[in-house]
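Novice: The sequence shown begins at 1 in the UniProt record's numbering and counts up one residue at a time.
Positions of the beta carbon are idealized from the N, C-alpha and C atoms, including for glycine.
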Amino acid sequence: MSASAVEPERRKLSLTAKVAIGMIAGLAVGVAFNVLGNQWISDNVVNGFLDMVGTAFLNALKLLVVPLVIFSLITGVTGIGDVRMLGRVGGKALGLYLMTTALAISVAIGIAQLIGPGRGFDMTGVDTSGIETEEAPSFWEVISGIIPTNPIEAFAEGEMLQIIFYSILVGVAALMLGERSEGFVRACGFMNELMMKIVSIVMAVAPYGVFALIARVFAEEGIDLFKPVMAYVVTLVGSLLFHLFVTLMVLYWALTRLNIRTFMRKIRAAQVFAFSTASSNATIPITLRAVTQRMGAGNSVASFTVPFGATINMDGTAIMQGVATVFLANVYGVDLGIAGYLTVIAMAVLASIGTAGVPGVGMVMLTMVLTQVGLPIEGVAIILGVDRLMDMIRTAVNITGDAAVTCIVAKSENKLDRDVYDDPDAGLRGDDDIEFDPEAEEDLAHTLEGARR
Ligand code: ASP
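Put into structure tokens, the structure is as follows:
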């Protein structure tokens, strides 16, 4: 068969399908490398080439986050036309985020108590050196810290809550200046569009990036790591899936009456990105794209709720903390009692507010929780080996929560376009829309020439 004959077939493959293939291929190649255990492959392919491709892809995603949040928020705030809506959206999102996180960890503790992982665990041979804990910022510190002293520093450091605060402030001020802001608002709208275009460009290389990230993780994580803590892994994954498919979806349906399968299908790409990167923050551009372009949530709501959720909403992380606490309490034969578990729930919810959605942060939060209830933090060493994979799964749950709350709030504010939501192909065309348009290029060249003359 000639190459041209197979060409049209190949073209039909959607980007999501290509990313899924990249993920499965990465998994297979990673596991194969792990089983081979060859030092040369490990040094040159896994920690050389794959690491380079994966890191470059991750960097390309991260470079989008700050400008995208700034411009989409300013565009969102100036576009709402009713400043009171801002307060309402903020209140609803905050309430729902805290509620879903508290619900997630409560159910997880319940499931873990039923299954009882960790009973009879043998601690000998567990290396507990090098486990450090960090102080949780107090609730009041988090609140006062939302106002940046220097916005440029906040941008440079990627301080999400500060960036959100500053962008909303700029948007509100632009609204107050009225007509005089017109040029600025249009420029921000254009920059938002431009950033979304870059998202399409980055997504076009996602199959390779996802492949490299996943292959590397699986090449490094051996199956042996899982054996001693299988009960913990099974309980945790079960609790995560229960939250994803039952708790969250029941809540979603009860509050929106929107089709759950549509939601699940359209959020899949963002889940794959979250799984591959283990970072809610790095996934912001993809989550934002999924809820606005694929599901029809208005930018005035999503531009706020998505980055806000990436920072303060961590259902999956809270579930891990709940299951890990029960597991370690069983390992050490400690009965935490109702008061102990209530402390765990409160701590996990509060800790999630002040910590950013980046890889591994859940483990740091866990050490805070353990200290609070008097369990030895050395226990973290037992589950540390499997945490990378658990992090990937819980991050996918975290961003699903962000997207679900975004749609719930958007629907309640009448800012969800049902036609877009119900259209299975909505927002997909942009995927392949990264070719240059010769006419548009020519137009731009003429304009620039005119301006120069
Ligand atoms: N990686 C998670 C996130 O970005 C946080 C964590 O659980 O470590 O949402």
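Please work out which residues of its chain come closer than 6 Å, Cβ to Cβ, to Val358, disregarding the five sequence neighbours upstream and downstream, and give them in chain order.
Specialist: Taking the sequence shown and counting its residues from 1, the one referred to as residue 358 is at position 358. Cβ neighbours of Val358 beyond the five flanking positions: Ser279 and Asn281.
Novice: In chain order, what are the residue ranges of uninterrupted alpha helix (DSSP H) at least 4 long that sit wholly in the stretch 353-434?
Specialist: Counting only runs of 4 or more, we get 361-373, 380-384, 387-412 and 418-422.
Novice: Can you tell which of Phe304, Val46, Pro67 and Gly360 has the C-alpha that lies nearest to the C-alpha of Glu157?
Specialist: The sequence position of residue 157 within the sequence shown is 157, counting from 1. Out of Phe304, Val46, Pro67 and Gly360, Pro67 has the C-alpha closest to the C-alpha of Glu157.
Novice: Can you check DSSP and say which residues form a bridge with Ala297?
Specialist: As a working note, residue 297 is residue 297 in the sequence shown. Beta-bridge pairing links Ala297 to Leu416.
Novice: What span of residues does the alpha helix (DSSP H) with Phe273 cover, start to end?
Specialist: Along the sequence shown, read from residue 1 onward, the residue named residue 273 stands at position 273. Residues Ile260 to Thr277.
Novice: Work out the CA separation of Met230 and Ile74 for me, nearest whole Å.
Specialist: One-based indexing of the sequence shown puts residue 74 at position 74. One-based indexing of the sequence shown puts residue 230 at position 230. Rounded to whole angstroms, Ile74 to Met230 spans 47 Å at the Cα level.
Novice: Return yes when at least one heavy atom of ligand 1 lies under 7 Å from the C-beta of Thr287, else no.
Specialist: Here the question's residue 287 lines up with position 287 in the sequence shown. Not so, every heavy atom of ligand 1 lies at least 7 Å from the Cβ.
Novice: For Gly360, tell me which candidate among Asp391, Leu336, Thr343 and Ala339 has the shortest Cα-Cα distance.
Specialist: Residue mapping note: residue 360 aligns to position 360 of the sequence shown, counting from 1. Checking every option, the nearest Cα to that of Gly360 belongs to Asp391.
Novice: Applying the criterion that 16 or more other CB atoms from any shown protein chain within 10 Å of the CB defines a buried residue, is Thr447 buried or exposed?
Specialist: Position 447 of the sequence shown, counted from the first residue, corresponds to residue 447. Exposed, because fewer than 16 other Cβ atoms sit within 10 Å of the Cβ of Thr447.
Novice: With a threshold of 7 Å (Cβ to nearest heavy atom), would Asp402 be considered close to ligand 1?
Specialist: Locating residue 402 in the sequence shown gives position 402, counting from the first residue. Answer for Asp402: no, Cβ out of range of ligand 1.
Novice: Are the beta-carbon atoms belonging to Leu428 and Ser106 less than 8 Å from one another?
Specialist: By one-based count along the sequence shown, residue 428 stands at place 428. By one-based count along the sequence shown, residue 106 stands at place 106. Result no, Cβ atoms of Leu428 and Ser106 do not sit closer than 8 Å.
Novice: For the alpha helix (DSSP H) containing Ile198, list its first residue and its last residue.
Specialist: Locating residue 198 in the sequence shown gives position 198, where the first residue counts as 1. Note, Ile198: alpha helix (DSSP H), Glu182 to Ala204.
Novice: Can you tell me the Cα-Cα spacing of Thr277 and Phe308, whole angstroms?
Specialist: For this step, residue 277 is matched to residue 277 along the sequence shown. For this step, residue 308 is matched to residue 308 along the sequence shown. Between Thr277 and Phe308, the C-alpha separation is close to 19 Å.
Novice: Is Asp335 helix, strand or coil by DSSP?
Specialist: Stepping through the sequence shown from its first residue, residue 335 is reached at position 335. The answer is coil: DSSP assigns Asp335 none of H, G, I, E or B.
Novice: Would you check whether ligand 1 has a heavy atom nearer than 7 Å to the C-beta of Met347?
Specialist: Here the question's residue 347 lines up with position 347 in the sequence shown. Answer for Met347: no, Cβ out of range of ligand 1.
Novice: Nearest to Val246 by alpha carbon, out of Leu370, Thr100, Ser181 and Glu179?
Specialist: Walking along the sequence shown from the start, residue 246 turns up at place 246. Here the closest residue by C-alpha is Thr100.
Novice: How long is the line joining the alpha carbons of Gly120 and Gly333, rounded to whole angstroms?
Specialist: By one-based count along the sequence shown, residue 120 stands at place 120. By one-based count along the sequence shown, residue 333 stands at place 333. Those two C-alpha atoms are separated by around 9 Å.
Novice: When you compare only the Cα positions, how much space is there between Glu442 and Phe190?
Specialist: Within the sequence shown, numbered from 1, the residue matching residue 442 stands at position 442. Within the sequence shown, numbered from 1, the residue matching residue 190 stands at position 190. Distance between the alpha carbons of Glu442 and Phe190: 19 Å.
Novice: Would you kindly work out how many angstroms separate the C-alpha atoms of Phe49 and Met295, rounded to a whole number?
Specialist: If you number the sequence shown from 1, residue 49 lands on position 49. If you number the sequence shown from 1, residue 295 lands on position 295. Straight-line Cα distance between these residues: approximately 36 Å.
Novice: Say yes only if the C-beta of Pro307 is nearer than 7 Å to one or more non-hydrogen atoms of ligand 1, and no if none qualify.
Specialist: For the purposes of this step, residue 307 is taken as the residue at position 307 of the sequence shown. Pro307: no, Cβ never under 7 Å from ligand 1.
Novice: Can you tell me whether Ser280 sits near ligand 1, meaning its C-beta is under 7 Å from at least one heavy atom of the ligand?
Specialist: By one-based count along the sequence shown, residue 280 stands at place 280. Yes, Cβ of Ser280 sits closer than 7 Å to a heavy atom of ligand 1.
Novice: Taking the alpha helix (DSSP H) that Thr447 falls in, what are its first and last residues?
Specialist: In the sequence shown, the residue the question calls residue 447 occupies position 447. Residues Pro438 to Arg452.
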